[in-house]
Amino acid sequence: MADGHVGERQRRILDAAERCFIRTGFHRCTMQDVAAEAGMSPGNLYRYFPSKDAIVIGLAERDRAEMSSDFRELAETTTFLEAFGMAMRKHMIDEPAGNAVLCMEIWSESARNDVFRQIHLAFETEVHTWIVHLAEGAKTKGEMRPDIDTDAFAVLLVTLANGLFVRRALASDFDAEREIEVAVAIAAAAMSGLVPLPPARRASAAGRTVSVSSEV
Numbered sequence: 425m426a427d428g429h430v431g432e433r434q435r436r437i438l439d440a441a442e443r444c445f446i447r448t449g450f451h452r453c454t455m456q457d458v459a460a461e462a463g464m465s466p467g468n469l470y471r472y473f474p475s476k477d478a479i480v481i482g483l484a485e486r487d488r489a490e491m492s493s494d495f496r497e498l499a500e501t502t503t504f505l506e507a508f509g510m511a512m513r514k515h516m517i518d519e520p521a522g523n524a525v526l527c528m529e530i531w532s533e534s535a536r537n538d539v540f541r542q543i544h545l546a547f548e549t550e551v552h553t554w555i556v557h558l559a560e561g562a563k564t565k566g567e568m569r570p571d572i573d574t575d576a577f578a579v580l581l582v583t584l585a586n587g588l589f590v591r592r593a594l595a596s597d598f599d600a601e602r603e604i605e606v607a608v609a610i611a612a613a614a615m616s617g618l619v620p621l622p623p624a625r626r627a628s629a630a631g632r633t634v635s636v637s638s639e640v
């Protein structure tokens, strides 16, 4: 089977699984449901993904690749604050609200499922590492005070972003533009030294090993 055909089938399955997980939840959605959504037999589905966990891993790898591409493009074309605002608008406005709901489902499952937990930790680690990388670049360009701890700054921004995901998924009064504006203002204040940031305490954690230096 040609690699291009395999890739197209995998994308089709991942898109179908994403719709099913958002519509019915991870636990209620079966492999048979995913197969039906993808327009193929369950037996054919199992040729590409042997389990729902494998599908989630596939979704995570797809999202991580897209995220890295987005960060790389933003790093080359805009200031840090513009990049942060653009990234937030993509995930809080441009993408379907169901994606935030699916994110909540994966986070919840991470407390019980080690596969999900590792996926979540790896994804958050990569986001953190990219933010540190871009923040160091912002220092070089004079956009950020040189004495700011970029690791602590990344912890702040990841926390802000996670909070926005939760509110988009759950809050009926979620105002994306307003709340993104607030998040960007907090980031700007932190970059100027107006938000005291203690040194982050996670430098020795296993979740801080992803490098992006060879990617940019």
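Counting from 1 along the sequence shown, just add 424 to a position and that's the residue number in my numbering. Where is the CB? At the ideal position from N, CA and C, for every residue including glycine.
Residue i, enclosing alpha helix (DSSP H) - first and last residue
| i | result |
| --- | --- |
| D494 | 476-501 |
| A600 | 600-615 |
| N523 | 521-534 |
| R591 | 574-594 |
| R471 | 466-472 |
| T549 | 538-564 |
| R513 | 504-513 |
Residue i, buried or exposed, once every other Cβ within 10 Å from all chains shown has been counted against 16
| i | result |
| --- | --- |
| A441 | buried |
| E432 | exposed |
| T673 | Residue 673 cannot be examined here, being either before or after the span of the chain that is shown, 425 to 640. |
| D518 | exposed |
| H552 | buried |
| D457 | buried |
| K565 | exposed |
| H557 | buried |
| T454 | exposed |
Cβ-Cβ separation, residue j to residue i (assumed contact under 8 Å), whole Å
| i | j | result |
| --- | --- | --- |
| V480 | I543 | 7 Å |
| F495 | E567 | Wrong, their Cβ atoms sit about 16 Å apart, outside the cutoff. |
| F577 | L545 | The Cβ separation is near 20 Å, so there is no contact. |
| A614 | L588 | Not really, about 16 Å apart at Cβ, beyond 8 Å. |
| A524 | A593 | 4 Å |
| L498 | F445 | About 28 Å separates the two Cβ atoms, so there is no contact after all. |
| A478 | L469 | Contact doesn't hold; Cβ gap of about 10 Å is too wide. |
| F508 | V608 | 6 Å |
| I572 | G617 | 6 Å |
CB contact check: residue i to chain C, cutoff 7 Å
| i | result |
| --- | --- |
| D457 | Given the protein chain composition of this structure (a single chain), no chain C is represented. |
Three-state secondary structure assigned by DSSP to residue i
| i | result |
| --- | --- |
| D571 | coil |
| F450 | coil |
| V458 | helix |
| L642 | This structure cannot settle anything about residue 642, because the visible part of the chain is limited to 425 through 640. |
| G463 | coil |
| D597 | coil |
| C444 | helix |
- Message: Does the structure place the region 477-492 close enough to the region 530-542 that three or more beta carbon pairs sit under 8 Å?
- Response: Taking 8 Å as the limit for Cβ pairs, the verdict is that the region 477-492 does touch the region 530-542.
Original post:
Within the chosen definition, does the region 498-512 reach the region 600-617 through at least 3 CB pairs nearer than 8 Å?
Top reply: Under the Cβ criterion (8 Å, minimum of three pairs), the region 498-512 counts as touching the region 600-617.
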